[in-house]
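Numbered per the UniProt record's numbering, the sequence shown spans residues 1 to 53.
Each remark here refers to the structure printed beneath this line.
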Amino acid sequence: MFGDRTPSEATETERESGRRVGAVALLLVAILGALAVALGARRRERSTLEPPF
């Protein structure tokens, strides 16, 4: 009706879907960032070792 300001069910579902996509994207970025830091630390550790000759 005209005075009803509650969001429709479809709009609410779209918002929840958008939140899930955002959360998954944030999780993926966090995992990739942690992987990059781990690989960077490993390379730095490897480069400080003396050559085997």
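Backbone N, C-alpha and C define an ideal beta-carbon position, used for all residues, glycine too.
Small disclaimer: the values here were computed from a predicted structure and weren't measured.
When you compare only the Cα positions, how much space is there between residue i and residue j?
i, j, result
"Ser17", "Ala36", "29 Å"
"Thr11", "Gly22", "17 Å"
"Glu14", "Val24", "15 Å"
"Arg42", "Ala30", "18 Å"
Does the CB of residue i have a neighbour CB from chain B at under 7 Å?
i, result
"Leu35", "Among the chains of the structure shown, chain B does not appear; only one protein chain is present."
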